[in-house]
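Here is the structure we will look at.
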Amino acid sequence: MPGEGNLYQTLIEAALARLEATGSMPATLAELAELAEVPLEDVSGIFGSLQNLREGLIYQGIALLNDSLRQGVVHSGSVKPDAQLRSLARSYAIWASLNPALFRVIVDGLNRPMAEGSTLYRFTMSMRDLFERKLREMRDLGLIRHEADLAPILLVILCVVKGANVLLLNRKTEPWLSDDPRPVVQIADEMFGYLIDNLLVTGTAQAA
425 MPGEGNLYQT LIEAALARLE ATGSMPATLA ELAELAEVPL EDVSGIFGSL QNLREGLIYQ
485 GIALLNDSLR QGVVHSGSVK PDAQLRSLAR SYAIWASLNP ALFRVIVDGL NRPMAEGSTL
545 YRFTMSMRDL FERKLREMRD LGLIRHEADL APILLVILCV VKGANVLLLN RKTEPWLSDD
605 PRPVVQIADE MFGYLIDNLL VTGTAQAA
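Using our numbering, the letters of the sequence shown correspond one by one to residues 425 to 632.
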């Protein structure tokens, strides 16, 4: 039998494969045991409940998403905070479009009450801190007005991100976009770009 660490990863991979193939998690721990071809008692010893399995999938998803976001900032090829934010938003949309089932699990969790210290709580607060830090850098560089109040800007960004999450998940069924031929990643990219462009002081806008 694999060690506990290897068994945990084996079970996560089996649950993720089921999620990606069907859009749903295993319905029971017994089903997960069958998928992973390991004894049920071993599965119960690792997770104990389907909620623990869901949290494990969320942890896996956030780790993969964070890696994609870091690469997006690095690959922006710019030290300018506005360019980095554009690249980060693009990486977010691309990852979501490539991992729709796992992204749906993450978004479902983000729309529920989050326990302080949980994976999703830490993720959403780290994203808030990142946006605030980049906005401060933009203000210090004169890219946005020095007197700009960042608090309402952060709330607008929160609303845009929440809306983008819904759009990324429900693009095919959204009536407003029924006649729009653009891919969802392009729509999300242009939406966030429009936000950044309208924050910038006239004459400071840069191509992404």
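Heads up, the beta-carbon is just placed ideally off N, CA and C, and yes, glycines get one too.
- Considering L579, what are the terminal residues of the alpha helix (DSSP H) in which it resides? Here the alpha helix (DSSP H) through L579 covers 574-594.
- Task: Could I get the ranges of all uninterrupted alpha helix (DSSP H) runs contained in the segment 496-541, with 4 residues as the minimum, in chain order?
- Result: At a cut-off of 4 residues, the continuous stretches assigned as alpha helix (DSSP H) that sit fully inside the segment 496-541 are 505-522, 524-534.
- Contact between the segment 465-474 and the segment 486-494 (3+ Cβ pairs under 8 Å): No, the segment 465-474 is not in contact with the segment 486-494.
- Message: Counting C-beta neighbours from all protein chains within 10 Å, is the total for P505 16 or more, i.e. buried, or is it exposed?
- Response: P505 is buried by the Cβ-count criterion.
- Task: Can you tell me which of the three DSSP states G472 falls into?
- Result: It is coil, neither helix nor strand.
- Message: Could you compute how far the alpha carbon of V529 sits from the alpha carbon of A520?
- Response: Rounded to the nearest angstrom, the two C-alpha atoms are 11 Å apart.
- What first and last residue would you give for the alpha helix (DSSP H) that runs through F602? Looking at the sequence itself, residue 602 is Ser, so the reference to Phe does not match. Unbroken run through S602: none, as it is neither H nor E.
- Item | Helix, strand or coil at I366 according to DSSP, with G and I counted as helix | The displayed coordinates of the chain run from 425 to 632. Any statement about residue 366 would go beyond what the structure contains.
- Message: So, under 8 Å CB-CB, L624 and L559 are touching, yes? Tell me the CB distance rounded to an integer number of Å.
- Response: Going by Cβ atoms, the distance from L624 to L559 rounds to 11 Å, so no, they are not a contact pair.
- Task: Look at the alpha carbon of L591 and the alpha carbon of I577, and state the distance between them as a whole number of angstroms.
- Result: Rounded to whole angstroms, the gap between the alpha carbons of L591 and I577 is 21 Å.
- Query: Can you name the start and end residues of the alpha helix (DSSP H) that M551 belongs to?
  - Reply: Here the alpha helix (DSSP H) through M551 covers 543-564.
- Task: Consult DSSP for G447 and reduce its assignment to one of helix, strand or coil.
- Result: If DSSP states are grouped into helix, strand and coil, G447 belongs with coil.
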